[in-house]
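Participant:
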Amino acid sequence: MPPPPPPGTYQPLALPLAPNGLPLASFGDRLLAFLLDALIASAISMVVTLPLTFIWMFSWISTIEESASSYDAYGDPVPPDFWALFGPMMIFFVVVFGFTLIFTYLYYVEYQLRKGGQTVGKKTMKIRVVMANPAEVLDRGALTKRWAVERVVGLFVPFFSYLDGFWQLWDKPLQQCLHDKAARTVVVKVG
1 MPPPPPPGTY
11 QPLALPLAPN
21 GLPLASFGDR
31 LLAFLLDALI
41 ASAISMVVTL
51 PLTFIWMFSW
61 ISTIEESASS
71 YDAYGDPVPP
81 DFWALFGPMM
91 IFFVVVFGFT
101 LIFTYLYYVE
111 YQLRKGGQTV
121 GKKTMKIRVV
131 MANPAEVLDR
141 GALTKRWAVE
151 RVVGLFVPFF
161 SYLDGFWQLW
171 DKPLQQCLHD
181 KAARTVVVKV
191 G
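In UniProt numbering, the protein residues as written are 1 to 191.
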């Protein structure tokens, strides 16, 4: 055993380790992976949602123009029917909302499961999702819990996504976000 260093010398902090012995991913690595995945998911989602937006927008403008060109017996413009005006908009938002949920599930659960706990962002940052208990194997159920807490709860609870993401900064010793705690997972550095 080497002797202790002389007083006043710098000693680097030990990296926090997951129960399986791998170093835990840092906040910065996780944030960059999240941002990269969000960029990829947004770009792919726009391929579907942008054309739907134009279709809805032109049908809405057409409905307003038809309404503006029709007058009642007194010469006043006839207002458009509520459902003719807002029905397509409601359908549009339900379709986009459903597509977004399905797409994020496929990306963050199914794709990540097939890639051993890594999305494109996680692979780029050399981090991976693993079970907190080294005896357990990462499965669809755990990834679905992570997705549901992070994405679905985040849709309905204001500011939950921020709380969830920042939770790892004060969670010791495993630096888990709330979605990690729900699924009993940790994110580790693999490269």
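Beta carbons: idealized from backbone N, C-alpha and C, even for Gly.
The model shown is predicted, which means the values in this text are computed figures rather than measured ones.
1. Compute the beta-carbon to beta-carbon distance between Trp-147 and Tyr-111, rounded to the nearest angstrom, for a pair I have assumed lies under 8 angstroms.
2. Mapping the DSSP letters down to three states, classify Leu-17 as helix, strand or coil.
3. Between which two residues does the beta strand (DSSP E) carrying Arg-140 extend?
4. Compare the Cα-Cα distances from Arg-140 to each of Leu-163, Trp-170 and Arg-184 and report the closest residue.
5. For Val-186, does the count of other Cβ atoms within 10 angstroms reach 16, so buried, or fall short, so exposed?
6. Is the beta carbon of Leu-24 less than 8 angstroms from the beta carbon of Val-188?
7. Which residues in the same chain as Ile-127 place their Cβ atom closer than 8 angstroms to its Cβ, once the five residues preceding and following it in sequence are excluded?
8. Using 8 angstroms as the Cβ pair cut-off and three pairs as the minimum, do the region 88-105 and the region 43-61 touch?
9. Assuming His-179 and Val-137 form a contact by the criterion Cβ under 8 angstroms, report the distance between their Cβ atoms to the nearest whole angstrom.
Facilitator: Taking the coordinates as given:
1. Looking up residue 147 in the sequence shown gives position 147. Looking up residue 111 in the sequence shown gives position 111. With a Cβ gap of about 11 angstroms, Trp-147 and Tyr-111 do not count as contacting.
2. On the sequence shown, residue 17 is found 17 positions in, with the first residue counted as 1. In the structure shown, Leu-17 sits in a strand (DSSP, three-state: E or B).
3. Here residue 140 corresponds to residue number 140 of the sequence shown, with the count starting at 1. Where Arg-140 is concerned, there is no enclosing beta strand (DSSP E), although the alpha helix (DSSP H) it sits in stretches over 140-147.
4. Here the question's residue 140 lines up with position 140 in the sequence shown. Answer by Cα proximity: Arg-184.
5. Here the question's residue 186 lines up with position 186 in the sequence shown. So Val-186 ends up on the buried side.
6. Translated into the one-based positions of the sequence shown, residue 24 becomes position 24. Translated into the one-based positions of the sequence shown, residue 188 becomes position 188. The answer is yes: Cβ separation under 8 angstroms.
7. Locating residue 127 in the sequence shown gives position 127, counting from the first residue. Ala-25, Asp-29, Arg-30, Ala-33, Gln-118, Val-187, Val-188, Lys-189 and Val-190, listed in sequence order.
8. yes
9. Position 179 of the sequence shown, counted from the start, is the residue given in the question as residue 179. Position 137 of the sequence shown, counted from the start, is the residue given in the question as residue 137. Their Cβ separation, rounded to whole angstroms, is 19 angstroms, which puts His-179 and Val-137 out of contact at 8 angstroms.
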